[in-house]
Amino acid sequence: MDSLVKSTYKRVITYPCMGAIYHQGLAFGEAGRHLIESGQSNLFVPGMINICLATEIFLKSINATMTYILDEEEQPGGVAVSIGRDDTLKIAPGGQGHHLSKIFENLPEDARESIGQFARGEGYFGDIGEGLRQYDRVFVEWRYIYEKNDPGVLGTHPLLQICNAINAYCLSKVDQNLNAVDQEYDDSADHTKG
Numbered sequence: 012m013d014s015l016v017k018s019t020y021k022r023v024i025t026y027p028c029m030g031a032i033y034h035q036g037l038a039f040g041e042a043g044r045h046l047i048e049s050g051q052s053n054l055f056v057p058g059m060i061n062i063c064l065a066t067e068i069f070l071k072s073i074n075a076t077m078t079y080i081l082d083e084e085e086q087p088g089g090v091a092v093s094i095g096r097d098d099t100l101k102i103a104p105g106g107q108g109h110h111l112s113k114i115f116e117n118l119p120e121d122a123r124e125s126i127g128q129f130a131r132g133e134g135y136f137g138d139i140g141e142g143l144r145q146y147d148r149v150f151v152e153w154r155y156i157y158e159k160n161d162p163g164v165l166g167t168h169p170l171l172q173i174c175n176a177i178n179a180y181c182l183s184k185v186d187q188n189l190n191a192v193d194q195e196y197d198d199s200a201d202h203t204k205g
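Here the sequence shown stands for residues 12 to 205, where the numbers follow this note's numbering.
This is the structure in structure tokens:
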């Protein structure tokens with residue numbers, strides 16, 4: 012019996028709003044920077060909230076794509092159906108919460124490593140996840156800062172350096188990912204040789 016597999020593709024799925032997600036984050040980041048740089052003490056908290064929100068949006072925009080390998084099989088009647096082989100890279104666009112460190116740690120390893128390289132270029136040499144963990148509760152708790160007797164004290168370091176690094180990573184990828192298309196994939200080739 013002949014194989015029913017017609018061809019194999021590397022499928023890239025991109026949410027159509029990925030660019031919009033990134034640019035919305037950029038707007039919050041710029042607003043936060045202006046508030047903090049104004050020097051007005053009453054604008055520091057709103058500025059930090061905006062920077063944290065920008066960081067969250069940038070991180071979530073990175074997860075707006077996924078790639079997996081699929082087979083196209085011909086069904087009775089000549090209809091071709093795509094059958095996915097690897098669904099481990101599913102993207103959950105919502106419900107990820109506001110914990111920056113968790114969102115970062117759920118990114119693919121290559122993205123985390125690239126962000127680390129960008130962070131070193133910004134002058135931050137620490138662990139990105141640990142740096143973000145300091146700000147995990149800012150977006151939620153500082154919006155209602157009057158409800159807390161002691162909101163804690165945080166500075167802009169390393170948040171600004173990390174946010175700039177994530178922004179640089181997003182900027183390097185957003186156009187590339189928006190133009191991604193399905194590509195025929197040769198799974199018989201030896202990809203270990205270079």
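Positions of the beta carbon are idealized from the N, C-alpha and C atoms, including for glycine.
Item checked: Whole runs of the alpha helix (DSSP H) within the stretch 23-58, excluding any shorter than 4 residues -> 29-48
Next item on the list: Give the range of the alpha helix (DSSP H) segment to which L143 is assigned.
Entry: Position 132 of the sequence shown, counted from the start, is the residue given in the question as residue 143. L143 -> alpha helix (DSSP H) spans I139 to R144.
Next item on the list: Identify, in the order they occur along the chain, each residue of the same chain with its Cβ nearer than 6 Å to the Cβ of Y146, setting aside the five sequence neighbours on each side.
Entry: Taking the sequence shown and counting its residues from 1, one reaches residue 146 at position 135. C63, L111 and L170.
Next item on the list: State the start and end residues of the unbroken alpha helix (DSSP H) segment that holds K113.
Entry: Walking along the sequence shown from the start, residue 113 turns up at place 102. Looking at the DSSP string, the run of the alpha helix (DSSP H) that includes K113 is L111 to E116.
Checklist line | N- and C-terminal bounds of the alpha helix (DSSP H) containing V149 | finding: Taking the sequence shown and counting its residues from 1, the one referred to as residue 149 is at position 138. Where V149 is concerned, the enclosing alpha helix (DSSP H) stretches over V149 to E152.
Checklist line | Terminal residues of the alpha helix (DSSP H) in which F129 lies | finding: Here residue 129 corresponds to residue number 118 of the sequence shown, with the count starting at 1. Counting along the chain, the alpha helix (DSSP H) containing F129 begins and ends at E120 to G132.
Notebook entry, point to check: When the Cβ atoms of the stretch 31-41 are set against those of the stretch 52-66, are three or more pairs found closer than 8 Å?
Noted result: yes
Item checked: Cβ-based burial, N74 [other Cβ within 10 Å; buried from 16] -> If you number the sequence shown from 1, residue 74 lands on position 63. Result: buried.
Checklist line | Beta-carbon contacts of I126 that lie in its chain and below 7 Å, excluding the five residues immediately before and after | finding: The residue you call residue 126 lines up with position 115 of the sequence shown. Closer than 7 Å at the Cβ level, and outside the excluded window around I126, lie I139, A176, I177 and Y180.
Item checked: Assigned exposure category for N117 - 16 Cβ within 10 Å defines buried -> For the purposes of this step, residue 117 is taken as residue 106 along the sequence shown, with counting starting at 1. With fewer than 16 other Cβ atoms within 10 Å, it is exposed.
Checklist line | Contact check, G50 vs F69, beta carbons under 9 Å | finding: Position 39 of the sequence shown, counting from 1, holds the residue named residue 50. Position 58 of the sequence shown, counting from 1, holds the residue named residue 69. Against a cut-off of 9 Å, the Cβ pair of F69 and G50 comes out as no contact.
Next item on the list: Since I believe G43 is in contact with G30 (beta carbons under 8 Å), could you give me their beta-carbon distance rounded to a whole number of angstroms?
Entry: Sequence index remark: in the sequence shown, residue 30 carries index 19 (1-based). Sequence index remark: in the sequence shown, residue 43 carries index 32 (1-based). Contact doesn't hold; Cβ gap of about 20 Å is too wide.
Next item on the list: Closer than 8 Å by C-beta to F129: which residues in its own chain qualify, once you throw out the five before and the five after it? Chain order, please.
Entry: Locating residue 129 in the sequence shown gives position 118, counting from the first residue. Excluding sequence neighbours, F129 sits near N175, A176, I177, A179 and Y180.
Check: Between the beta-carbon of I60 and the beta-carbon of F150, is there less than 9 Å?
Finding: Numbered from 1 along the sequence shown, position 49 holds the residue referred to as residue 60. Numbered from 1 along the sequence shown, position 139 holds the residue referred to as residue 150. A contact, by the Cβ cut-off of 9 Å.
Notebook entry, point to check: Rounded C-beta distance between V56 and I173? I'm assuming under 8 Å.
Noted result: As a working mapping, residue 56 is identified with position 45 in the sequence shown. As a working mapping, residue 173 is identified with position 162 in the sequence shown. Actually they do not touch by this definition, with Cβ atoms about 19 Å apart.
Item checked: Cβ neighbour criterion (16 or more within 10 Å) applied to K71 -> Counting from one through the sequence shown, the residue named residue 71 turns up at place 60. Under this definition K71 is a buried residue.
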